[in-house]
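Using our numbering, the first residue of the sequence shown is number 347, and each one after it goes up by one. No residue lacks a Cβ here, since even glycine has one placed at the ideal position from N, Cα and C. Read the structure below first, then the notes.
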Amino acid sequence: MEDKESVQHVTLEGQVQAVLFQNEESGFAVASLELAAGYGDDENPSQWGGYATVAGEFAPVAIGTYLRLHGKWGNHPRFGRQFQVGWSEHATPTTLEGLEKYLGSGVFPGIGKAMAKKLVRHFGDKTLDALEAGPRKLQKVSGIGPKKAADLYQAFGESRDRHRVMAELRGFGLNAGQANLIYEEWGPAAIEKVKKDPYALIENLRGLGFKTADAMAMKLGIPEDSVVRGRGVIRHLLTEGSREGHVCLPETQIEQKLLSLGMAKETISQALVDLVAEERVCCEETPSDDSPRWFYLPALYEAEVGLSAHITRILNQSSPPLADASTLEAAIQRSAWPPDDTQKRAVQMALQEPFSIVTGGPGTGKTTTLRLLLDVMEAAGTKKVCLASPTGRAAKRLQEATGRKASTLHRLLGWEPGNHAFKHHEDEPLEADFLVVDEVSMLDLPLAHAVLRAVPDSCRVLFVGDADQLPSVGPGKVLRDLVSSPNIPSVRLAHVHRQAAGSGISQAAHEILEGQVPKGCPQGSDGDFFIVTPPDADAAAEMVEKLVCDRIPTKYGLDPMKDILVLSPMYKGVLGVDALNEKLGQRMNPDSKATWAAPFRQGDRMMVVKNDYDREVFNGDTGVVRKITDDQVLVEVDNRMLAYGPDELKSILPAYCVTVHRSQGSESRAVVVVATTSHWIMLRRNLLYTAITRGKELVVVVTDQNALRCAVGNSEENLRFGRLAQRLS
């Protein structure tokens, strides 16, 4: 007895008469197919040999293309009966008329309708054989000379190869867009390369993940315990690890994971040997560590080794201080806020050392210290001082705080979209005498490496940031590793200054760092830090809506669309980012209509969640959805209009509420932090600290006492593997 799947599976053949819709990037198309004899719908016998509407991933397609389609019949709620295509292949027409349409469809470069008619009239049903036979055969047709014959033969051969490869790749489960990218990369050899190692696609094909490659491997009969699969799993583990912040992984963890997947130790060892020999993975042996060997993706290994080398290079430069004691004292006398002893030491350090770090929490005077340093350097005649931050928002704040020009690091380094690289590096360094990088807690390992490799020997460098905040979204924990190194000069600003001493936000931040549960200001007072404890998750969600849409705007005169930021530790659940975005979006943007671009609607707040060097927007940049067309979402970010197509929407998210990690480097006049026991797995001291320090004028924490105690009491950091600290020790 046949199973249900085999009964439902149907094959159709026919010629495309009309293309109703197609998206070549996604591969989805809808077409009208003139069915070949013997093909049709069992529910509509009268339509056998007639026409059918077919829909699925078989783009690109043109009128006249002859297709063999595999799938099943179904009923679309709007368009009625149609054939749902599972996968497709280009086939050979069975009639001379169909053959003529097929060749003249535009699928084969150089063969138009007139040439197709001429070829079919001469060769009849042997036309395809003639095209495959070679130029000499084609020259027998009147009007086709040697050059034209050679061009036709080459064009036909390339197109037939493409159709054959595309059809087989689609049979492996790839969509049309993916199959097209593979063919562009590997050409006719694509099939053999995929069969040999489908996991290599992950490295060569953007958007194809491990699960898809693993499913292809199973279809191809590659054993689960094979070395080929072992290599794929190891690369996958390292890639996923980098997304979780790891720079490398210890051999013990890799081996444990592969053993749990049923692989033998011999398979694992051979897979690692192969990857290192092919330079697809880097290995470092460290006999003194818990794990004797560490494995890296090559780019991260280069970044870690390179960053350490450039820090050492800069530290080894020797030059006199940029200013003498009298210049510093004169600047102090001019300062509106006299520095404390740690601030003064920080300025002296920055003037003397070729590379140094200033760190400290809110209210400790990082900005005041930086302004004083810049005043001293200006008075001393330091020529070229560059100020930069990882994101546009942070750069804008740095510029406002110092009164001096600041830029993003990508703009400073000169990102070149066409080359996918920075203009400035060792061979073309920055023109700078002093470089200040602010918000260094956001700096991941690859970007830190890119910055320091562009610093000339004659340039001093100062990193400024809060080492107690969450580490960067990208791999590494650069600021913490640098601060922990005994070889890098650093000063921690320790005193909360009087302009911040009365701030409940600043007080709460320091209490959290010291392991104390903050109490919050009395309800109804004029304080700036409050704690509210609704009885359950649903009540907490309602409280968030009231705070953002009613209470805070009414009492403080703030615009909820511009001035209030909601933070949650995770995406899922009633109090997760997704649910709160939906709830707040419906309340704050009620007149907008749902479209194909869901969850985005016109007028929504949005955030970029992926560095996009071509558009010059970066993870954490925010904006507004201005318009949604039939195939694009138009957003405004930093007074620039940017267009995102259907396949690019994963690069942006609604931003009425964002995760704490996504909020790094940003500030808002008011912040509502959601942290309850439903977020238990994410509750940590540095997460709560980072969240509340995003607020400039007001912070409200929606929580419960158990969650608050858990967060403050959990001082453990999320484990991030990397060896930068060891290299710098």
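Next on the checklist: Taking its Cβ as the centre, do 16 or more other Cβ atoms sit within 10 Å of Val353, making it buried, or is it exposed?
Outcome noted: Taking the first residue of the sequence shown as 1, we reach residue 353 at position 7. Residue placement at Val353 cannot be trusted, given a pLDDT of 41 that sits under 50; what the coordinates show is reported in the next sentence. With fewer than 16 other Cβ atoms within 10 Å, it is exposed.
Checklist entry - Over what stretch of residues does the beta strand (DSSP E) that includes Cys805 continue unbroken? => result As a working mapping, residue 805 is identified with position 459 in the sequence shown. Cys805 -> no beta strand (DSSP E), and no H or E assigned at all.
Checklist entry - Assuming Thr1005 contacts Ser914 under a Cβ cut-off of 8 Å, what Cβ separation, rounded to an integer in Å, is found between them? => result In the sequence shown, the residue the question calls residue 1005 occupies position 659. In the sequence shown, the residue the question calls residue 914 occupies position 568. Between Thr1005 and Ser914, the beta carbon gap of about 6 Å places them in contact (Cβ cut-off 8 Å).
Checklist entry - Using the rule of at least 16 other Cβ atoms within 10 Å of the residue's Cβ for burial, across every protein chain shown, is Trp942 buried or exposed? => result Walking along the sequence shown from the start, residue 942 turns up at place 596. Label assigned to Trp942: exposed.
Next on the checklist: Checking 8 Å against the spacing of the C-beta atoms, do Leu1029 and Ala1021 come in under that value?
Outcome noted: In the sequence shown, counting from the first residue as 1, residue 1029 sits at position 683. In the sequence shown, counting from the first residue as 1, residue 1021 sits at position 675. Yes. Within cutoff.
Next on the checklist: Here's the rule I'm using: 16 or more other beta-carbon atoms within 10 Å means buried, otherwise exposed. How should Met788 be labelled?
Outcome noted: Position 442 of the sequence shown, counted from the first residue, corresponds to residue 788. With 16 or more Cβ atoms within 10 Å of its Cβ, Met788 is classed as buried.
Item to check | Span separating the alpha-carbon of Gln679 from that of Leu716 | outcome: Reading the sequence shown from its first residue, position 333 is the one you call residue 679. Reading the sequence shown from its first residue, position 370 is the one you call residue 716. Their Cα atoms are separated by approximately 16 Å.
Checklist entry - Over what stretch of residues does the alpha helix (DSSP H) that includes Asn927 continue unbroken? => result Indexing the sequence shown from 1 puts residue 927 at position 581. Residue range Val923 to Met934 is occupied by the alpha helix (DSSP H) that includes Asn927.
Checklist entry - From what residue to what residue does the beta strand (DSSP E) around Glu403 run? => result Reading the sequence shown from its first residue, position 57 is the one you call residue 403. It spans Tyr397 to Glu403 - the beta strand (DSSP E) in which Glu403 sits, taken as one unbroken run.
Checklist entry - Does the region 620 to 634 come close enough to the region 576 to 588 to have 3 or more Cβ pairs within less than 8 Å? => result A contact exists between the region 620 to 634 and the region 576 to 588.
Checklist entry - Excluding sequence positions up to five away, which residues of its chain have a Cβ less than 6 Å from the Cβ of Thr968? => result Looking up residue 968 in the sequence shown gives position 622. In the same chain as Thr968, and ignoring 5 residues on each side of it, the C-beta atoms closer than 6 Å to its own belong to Met953 and Ala1001, in chain order.
Item to check | Leu791 and Pro821 closer than 8 Å at C-beta | outcome: Position 445 of the sequence shown holds residue 791. Position 475 of the sequence shown holds residue 821. Going by C-beta atoms, Leu791 is nearer than 8 Å to Pro821.
Checklist entry - Do Leu828 and Leu793 come within 8 Å of each other at the CB atom, strictly closer than that value? => result Reading the sequence shown from its first residue, position 447 is the one you call residue 793. Reading the sequence shown from its first residue, position 482 is the one you call residue 828. No, they are not a contact pair.
Item to check | Any beta strand (DSSP E) of 3 or more consecutive residues that is wholly inside the region 998 to 1048 | outcome: Counting only runs of at least 3 residues, the region 998 to 1048 fully encloses the following beta strand (DSSP E) elements, listed from N- to C-terminal order: 998 to 1000, 1003 to 1005 and 1014 to 1021.
Checklist entry - Between which two residues does the alpha helix (DSSP H) containing Phe469 stretch? => result The residue given as residue 469 occupies position 123 in the sequence shown. Note, Phe469: alpha helix (DSSP H), Lys459 to Phe469.
Item to check | Sequence-distant residues of its chain with Cβ nearer than 6 Å to Gln663 (five each side left out) | outcome: Counting from one through the sequence shown, the residue named residue 663 turns up at place 317. Within the same chain, Gln663 has close Cβ partners Pro700 and Asp803.
Item to check | Where the alpha helix (DSSP H) containing Arg691 begins and where it ends | outcome: Here residue 691 refers to the residue found at position 345 of the sequence shown. Boundaries of the alpha helix (DSSP H) harbouring Arg691: Asp687 to Gln698, taken from the DSSP string.
Item to check | Leu793 in three-state terms, based on DSSP | outcome: As a first step, residue 793 must be located in the sequence shown, where it is residue number 447. Leu793 falls in the helix class under three-state DSSP.
Checklist entry - When we look at the beta-carbon of Pro736 and count the other beta-carbons within 10 Å, is it buried (16 or more) or exposed? => result For the purposes of this step, residue 736 is taken as the residue at position 390 of the sequence shown. Only buried fits Pro736, as 16 or more other CB atoms lie within 10 angstroms of its CB.
Checklist entry - If we ignore side chains and look at the alpha-carbon of each, how far apart do Leu798 and Val693 end up? => result The residue labelled residue 798 in the question sits at position 452 within the sequence shown. The residue labelled residue 693 in the question sits at position 347 within the sequence shown. Going by the C-alpha atoms only, they are around 21 Å apart.
Checklist entry - Is it buried or exposed for Glu446, if we count other Cβ within 10 angstroms and need 16 for buried? => result Stepping through the sequence shown from its first residue, residue 446 is reached at position 100. Glu446 is buried by the Cβ-count criterion.
Checklist entry - Under the rule that 16 or more other beta-carbon atoms within 10 Å means buried, what is Leu1044, buried or exposed? => result Your numbering for residue 1044 matches position 698 in the sequence shown. In the assembly as shown, Leu1044 is a buried residue. Its beta-carbon has 16 or more other beta-carbons within 10 Å.
Checklist entry - Of all the options Arg581, Glu650 and Val431, which has the alpha carbon lying nearest to the alpha carbon of Glu625? => result By 1-based counting over the sequence shown, the position of residue 625 is 279. The residue among Arg581, Glu650 and Val431 with its C-alpha nearest the C-alpha of Glu625 is Arg581.
Next on the checklist: At the level of alpha carbons, what is the spacing between Lys541 and Lys418?
Outcome noted: On the sequence shown, residue 541 is found 195 positions in, with the first residue counted as 1. On the sequence shown, residue 418 is found 72 positions in, with the first residue counted as 1. Answer to the nearest angstrom: the Cα atoms are 27 Å apart.
Next on the checklist: Using a Cβ-Cβ cutoff of less than 7 Å, which residues in the same chain neighbour Ala855 once the five nearest sequence positions on both sides are dropped?
Outcome noted: The count along the sequence shown starts at 1 and reaches residue 855 at position 509. Excluding sequence positions up to five before and after Ala855, its CB lies within less than 7 Å of the CB of Gly707, Pro708, Tyr1035, Ile1038 and Thr1039, all in the same chain and listed in chain order.
Item to check | CB-CB length for Asp950 against Asn965, believed under 8 Å | outcome: On the sequence shown, residue 950 is found 604 positions in, with the first residue counted as 1. On the sequence shown, residue 965 is found 619 positions in, with the first residue counted as 1. Rounded, the Cβ-Cβ distance is 19 Å, inconsistent with contact.
Checklist entry - In terms of alpha-carbon separation, which member of Ser681, Ser753 and Met609 lies closest to Asp984? => result Position 638 of the sequence shown, counting from 1, holds the residue named residue 984. When only C-alpha atoms are compared, the closest one is Ser753.
Item to check | Same chain only: Cβ atoms within 8 Å of Leu379, ignoring 5 sequence neighbours per side | outcome: Position 33 of the sequence shown holds residue 379. Excluding residues within five positions, the ones whose Cβ falls inside 8 Å are Leu358, Gly360, Gln361, Val362, Gln363, Tyr397, Ala398, Thr399, Val400, Leu413, Leu415 and Phe429.
Next on the checklist: Per DSSP, what are the beta-bridge partners of Val954 in this structure?
Outcome noted: Here residue 954 refers to the residue found at position 608 of the sequence shown. Ile998, per the DSSP bridge assignment.
Checklist entry - Does the Cβ of Gln689 have 16 or more other Cβ atoms within 10 Å, making it buried, or fewer, making it exposed? => result Counting from 1 along the sequence shown, the entry for residue 689 is found at position 343. Sixteen is the threshold: when 16 or more other Cβ atoms of the shown chains lie within 10 Å of the Cβ of Gln689, as they do, the residue is buried.
Next on the checklist: Measuring straight from C-alpha to C-alpha, what distance separates Thr558 and Ile537?
Outcome noted: By 1-based counting over the sequence shown, the position of residue 558 is 212. By 1-based counting over the sequence shown, the position of residue 537 is 191. The alpha-carbon of Thr558 is positioned some 16 Å away from that of Ile537.
Checklist entry - Going by alpha carbons, who is nearest to Pro881 out of Leu744, Gly866 and Ser1024? => result The count along the sequence shown starts at 1 and reaches residue 881 at position 535. For Pro881, the nearest C-alpha among the options comes from Ser1024.
Item to check | Interface flag, Ser852 vs chain C, CB-CB below 8 Å | outcome: Absence of chain C from the displayed structure is noted, only one protein chain being present.
Checklist entry - In chain order, which continuous runs of the alpha helix (DSSP H) of length 4 or greater are located wholly inside the region 482 to 562? => result Qualifying alpha helix (DSSP H) stretches, in chain order: 492 to 517, 522 to 532, 536 to 542 and 547 to 550.
Checklist entry - Between Pro534 and the rest of its own chain, which residues show a CB-CB distance below 7 Å, the 5 nearest in sequence each way excluded? => result Along the sequence shown, one-based indexing puts residue 534 at 188. Cβ within range, chain order: Asp507 and Val511.
Item to check | DSSP state of Arg838 mapped onto helix, strand, coil | outcome: What you label residue 838 is simply residue 492 of the sequence shown in a count that begins at 1. It is a strand residue.
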